[in-house]
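Working notes, beginning with the structure itself.
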Amino acid sequence: MRTDTIASIATGRNVSGISIIRISGEQAVAVADRIFITKEQKHILQNVKSHTIHYGYVIFPTSGGEEEKEEIIDEVLVSVMLAPKSYTAEDVVEINCHGGITVTNTVLEAVLHAGARLAEPGEFTKRAFLNGRIDLSEAEAVMDLINASSKAAVSNSEKQLRGVLKEKIESLRKQILHETAFIESALDDPEHFDLTGYPESLDEKITRLLEEVTALLESSEEGALLKNGIKTVILGKPNVGKSTLLNLLLGQEKAIVTDIAGTTRDVLEETLMIRGIPFVLSDTAGIRNTADPVEKIGVDRAREAAMDADLVLYLVDSTADFDEEDLAVLRMINDKKVILLLNKSDLEEGLQAKRISEALTKSEISQHHNIVRILSISAKENKGIDGLKDVTQELFFKGSLQTNDQIFITNMRHKEALSETKQSLLHVRESIQNGMPEDFYSIDLMDAYTSLGRIIGQEVDDDLIEEIFSEFCMGK
Amino acid sequence: MNETEKKLAITNFLKDENNREEDIRQIVDICVVGAGHAGCEAALAGARNGLDTVIFTVSVDSIALMPCNPNVGGSSKGHLVRELDALGGEMGKNIDKTFIQSKMLNSSKGPAVHSLRAQADKQAYTRCMRRVLENQEHLTIKQAEVCELLTTSRTPDEESSATKQIIGLKIASGGVYLCRAVVLATGTYLNARCLCGEMITHTGPNGLMAATHLTQNLIDLGIEVQRFKTGTPARMDKRSLDFSKMEIQKGDDRITPFSFSTDPEGMQTEQAYCYLTYTNEKTHEIIKANLDRSPIYAGIIEGTGPRYCPSIEDKVVKFAEKERHQVFIEPEGLYTNEMYVGGMSSSLPEDVQLKMYRTVPGMENCVIVRNAYAIEYDCIKATQLDHSLGFMKITGLYGAGQINGSSGYEEAAAQGLLAGINAAMYCLDKAPITLDRSDGYLGVLVDDLVTKETREPYRMMTSRSEYRLLLRQDNADLRLREKGYEAGLVTKEQLDYVKEKQRIIESEARRLKETKVGANKKIQDFLLSCDSTPIKTAVSLAELISRPELSYERIAPIDEERPVFVIQNKPRFEIVENPLRKQSSSRSALEERFLDLRFLEKEEAAKAEEASDIEKQILADICRQINITVKYEGYIKRQEKQVESFKKIEHKKIPADLDYSAITNLRLEARQKLDQIRPQSVGQASRISGVSPADISVLLIYLENLKKES
């Protein structure tokens, strides 16, 4: 049971006007005070009364370069509620910031950076209960909530962790465990294992491990570790211009791509910001790259690609027939929001649109309202793309498109764990350089191992003992 | 028991009409079953609390027998012995009297992993411990096989979910001993079976009688048992070995005692040699070619063996890539020619053993005195015990040592001490004394045994201890004397000394942090003379001590305000009688050949002035503590913080009669595991494999709810 200071976003993270970030625990006020300044640039929160509201700015230290600078991220209202008269009966600070995704995320990051820990699912409620703030009759509900949200978090984390990233973490853990087990074997059985010269070789290994962890950490900074954004899939029959559209969108906007093999390329997804809103574009590779020109879009394949999508861009070649096959796909994904794009619209635009509308009306599809808009574009000539962006922006701000909260939270958790891993590895290096005895290395190595394990949901249990026995020949 | 209690005990016993008064042999407080390392400690702990105690053994000649390796201590096991000694146990004192070589392992590594190991003269060890037992007031020794535990039924309550209570035990002759508590310390004797290739004997170690009745009785009482296996290598005739082909292994120049009450000066002595040699390709070929004749690989052995102490067969199969394995040749005693072949335990048949051993350099013409063998035995599932080592289902019944699924003399002795203490506390109507994971290795050992389902004999390892920087062998007295005092095994004098020592260390550490020295010429010159970099600004003395090249002792010239320590409560050291020295005049030439006599040469002159300078010893001890406290402060603080949060959850107790099936929000797997292991605290629950952090949150809320409702 941890009683440290926790923080999380208390409001749903769609585009409401205001988001609230809640901090609870002994250090809540101190944490908030570190990142909050008044108009007069003063840190005041440590000295304010309970149940007061303060106007000012959230600042975030920007790293890079020699000196650390602080940057204003948002204009906020901060409420301070001291124990015991607060939601959790601990000291609570709530930061009301502007509702934008990016802003909310950054404020939360600043709070974590200032010393709070990301709350576990249901943790505020749990604390409220344990501190007697919630009625006994609600105990059942609290337990259910913890149970359900922890299940959801686990399944979400599993879903989000794509194969390659998982492999990477597992390989890092394996290396760390192996080194620890070697040190421990030598400590337990000094007559069988000799550590002469080992610190030097470990130092080299730590350098490599640090490089890998740092790279992962950087990619998580850019949000590319997990795809946090509106999942968008481009669908359509072969040769309707899907890849041209994709490249066009990517070329115009800054795509977030990392050079870490696998985190981006292997999953065939690109994250990009369209008018400040994060999108994850799935490049339906199988469909695009088909070698057989007569291959039809399989209904199954479309379903698979669209399964997780928040938004489908369905591309139709307006010079070709809009036929039963298209209708079949649209029927299949009728629970998704779809923007129908008529490509190659330089040809008799109006006429085509009308023809397709008619076809839709004739089928039962239009009744399901899943096609939110029909737009004409020309990917080749870069026409109508602004119109598409207008529509997505509008949909987002009307709240009919949302990003997945859990992904953001998961990503944040991973980042926290990676930072801790890095810290622990730096400690090991420091111990080596200071000539500390070898048994000190394994303390930090095991911390690194544990932190990495949190990313892939692995407990430590008896891993070390198992590794010692299976890898090193011990004893009498 | 007083007379009234005794009468009551008899009445209770005679309630069952099959029981006869004439069968009652003795009415006592505690019965200890087994006189190995666990049994001896348990019996002494009971008797030293003034409680009448009987210790049962199948052979009085095998009290405190060392049927396997001839040494005490080693990595992490050495910690256990030091802890046992701080708590008032006997093993540390006994080995200090009977060691023939001593070595501080890992002395080049951090203080947390320094670990003492001493080679024992096995016969002397056994004889010495037997004398202690025989001369202990309130303790009697009885040679008999215990075959039945006698119990009566009881009603479970909040304190204990037990439905039965111990009232005594029955031995094979039909004799009955009435008592309040029983400590089971049966070692490897329950249904023991020894295997050497195709030759199988139903005996305990060294051909001693096995105990064949008790297991069934335990099963009848509802106790779950399992079968474990272990093994030992062959013993060779010293005269048949060629030591010129082996490397000599010497003991330390300066011997460190195990016991906090042994006089370190008085125990410096000559030491025996050990030797190192290696297996080779030829050895491995012979083993591989004969695997089908190994009872393990032929599937005859059912018990699970330990992975940390594998037989040579296991090593060759599992680590096929290794070209050679180390073999340590260690004397079994000073006045015997038997040598222990460490690293080559085996259950292969005699002819293969001989062939295999003879491939090892120096052993080409070896003559085997005793064959290597594997031994199988019954033990209990220790998750049926709580942290006092008492059975949760039967009050007054305790388990210690190999019967709990552990291995090793030290693990056994430490558990025996704890079980004995708690049997005594139970008889005295006092609260049990327990250790948690932050108190000591013994706490880790017990917690692992009662919480995790052990599938092989459990050995202590430093990596099992998460707070090992705090649980050092050098501070076991600071950590545990108080508990030993509570347990009635440590004197007020000993406790006062430790408290005083603690106070001095703390106040010195504080003073060193607060005392600053400036960058003046005197300081800089001093630093340069120590090959240490000069300082730029004023620094504290503590900061200087934390430099690797400096220490508390070294900075004395610039520490002008260093106080002179006056110790009020000087401990009394015991001068141990070492069998080595006593018999030096009667040693044969052969015996002299295997001794490291360096000590003898400088002995007489040096000893006279150094002998028992207690002040000096105490000062050295205090210096060591201060150096460690200051040098590793960062890490120590970190672990102290971890311990703090560990304690919080460890102190959330779970009622003994909690009905887990009523907590429907718990996942089924967690419910089953919790119900089976029945943890005493939320902390223990969180360490059960298969119980997730979310389950723990649910449990916490349920307990809180329960508290509020009542």
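Protein chains in written order, with our numbering: chain Z, 1 to 476; chain R, 1 to 710.
Ideal Cβ positions, reconstructed from N, Cα and C, are used throughout, including at glycine.
Given the structure is predicted, the values throughout are model-derived calculations rather than measurements.
{"query": "Identified DSSP bridge partners for Asp374(R)", "result": "Sequence check: residue 374(R) is Ala here, not Asp. In DSSP, Ala374(R) forms a bridge with Leu195(R), Gly231(R)."}
{"query": "Contacting residues, own chain, Cβ-Cβ under 8 Å from Glu633(R) (five flanking each side not counted)", "result": "Ala542, Ser546"}
{"query": "Contact set between the stretch 142-176 of chain R and chain Z, restricted to residues whose Cβ is under 8 Å from the partner", "result": "none"}
{"query": "8 Å Cβ cut-off: residues of chain R touching Glu438(Z)", "result": "Lys109, Gly110"}
{"query": "Residue-level contact to chain R via CB, His414(Z), 7 Å cutoff", "result": "no"}
{"query": "7 Å Cβ cutoff met for Gly197(R) and Pro67(R)", "result": "no"}
{"query": "Residue from Leu250(Z), Gly25(Z), Val80(Z) with nearest C-alpha to His54(Z)", "result": "Val80(Z)"}
{"query": "Partners in chain R for His192(Z), counting only beta-carbon separations shorter than 9 Å", "result": "His325, Gln326, Gly343"}
{"query": "For Gln680(R) and His387(R), believed in contact at Cβ under 8 Å, the rounded distance", "result": "6 Å"}
{"query": "Local Cβ density within 10 Å of Asp695(R), reported as buried at 16 or more and exposed below that", "result": "buried"}
{"query": "Every unbroken alpha helix (DSSP H) within the stretch 619-658 of chain R, with a cutoff of 4 residues, ordered by chain", "result": "633-650"}
{"query": "Run of the beta strand (DSSP E) containing Thr140(R), from where it starts to where it stops", "result": "139-143"}
{"query": "Through-space distance from Ile371(Z) to Ser219(Z), alpha-carbon basis", "result": "35 Å"}
{"query": "Contact with chain Z by Pro67(R), beta-carbon distance below 7 Å", "result": "no"}
{"query": "Cut-off 6 Å between Cβ atoms - residues of its own chain near Phe129(Z), not counting five sequence neighbours on either side", "result": "Val142"}
{"query": "Cβ of Met143(Z) within 7 Å of any chain R Cβ", "result": "yes"}
{"query": "Residues in the stretch 439-463 of chain R having any Cβ partner in chain Z nearer than 7 Å", "result": "Met461, Thr462, Ser463"}
{"query": "Ile21(Z) - DSSP class collapsed to helix/strand/coil", "result": "strand"}
{"query": "Chain Z contact for Ile701(R) (CB, 7 Å cutoff)", "result": "yes"}
{"query": "Chain B within 7 Å of Val72(R), Cβ atoms only", "result": "Here chain B cannot be found, since the structure's protein chains are Z and R."}
{"query": "Minimum Cβ-Cβ distance from Leu464(Z) to chain R less than 7 Å", "result": "yes"}
{"query": "Chain-ordered neighbours of Arg307(R) on chain Z, where CB pairs are closer than 7 Å", "result": "Phe469"}
{"query": "Proximal chain R residues relative to Phe129(Z), where beta-carbon distance stays under 8 Å", "result": "Ile701, Glu704"}
{"query": "Collapsed DSSP secondary structure at Tyr275(R) in the structure displayed", "result": "strand"}
{"query": "Buried versus exposed call for Ala538(R) [16 or more other C-beta atoms within 10 Å across all chains shown]", "result": "exposed"}
{"query": "Neighbour list for Leu187(Z) in chain R, Cβ cutoff strictly below 7 Å", "result": "Ser75, Asn106, Lys109, Val113, Thr462"}
{"query": "Below-7 Å beta-carbon distance, Phe319(R) vs any chain Z residue", "result": "yes"}
{"query": "Where the stretch 530-561 of chain R meets chain Z: residues whose CB sits under 7 Å from a CB there", "result": "Pro548"}
{"query": "Within-7 Å CB hit, Lys122(R) to chain Z", "result": "no"}
{"query": "Per DSSP, the bridge partner or partners of Ser79(Z)", "result": "Ile53(Z), Glu94(Z)"}
{"query": "Within 7 Å of chain Z by C-beta, residues of the stretch 654-679 of chain R in sequence order", "result": "Asn665"}
{"query": "Beta-carbon spacing of Ser62(R), Leu195(R) below 7 Å", "result": "no"}
{"query": "For Arg293(R), the three-state DSSP class (helix, strand or coil)", "result": "helix"}
{"query": "Nearest neighbour of Gln119(R), chosen from Ser697(R), Tyr275(R), Glu137(R), Met199(R) [CA to CA]", "result": "Tyr275(R)"}
{"query": "Nearest to Leu417(R) (by Cα), restricted to the options Arg510(R), Met392(R), Gly443(R), Ser532(R)", "result": "Gly443(R)"}
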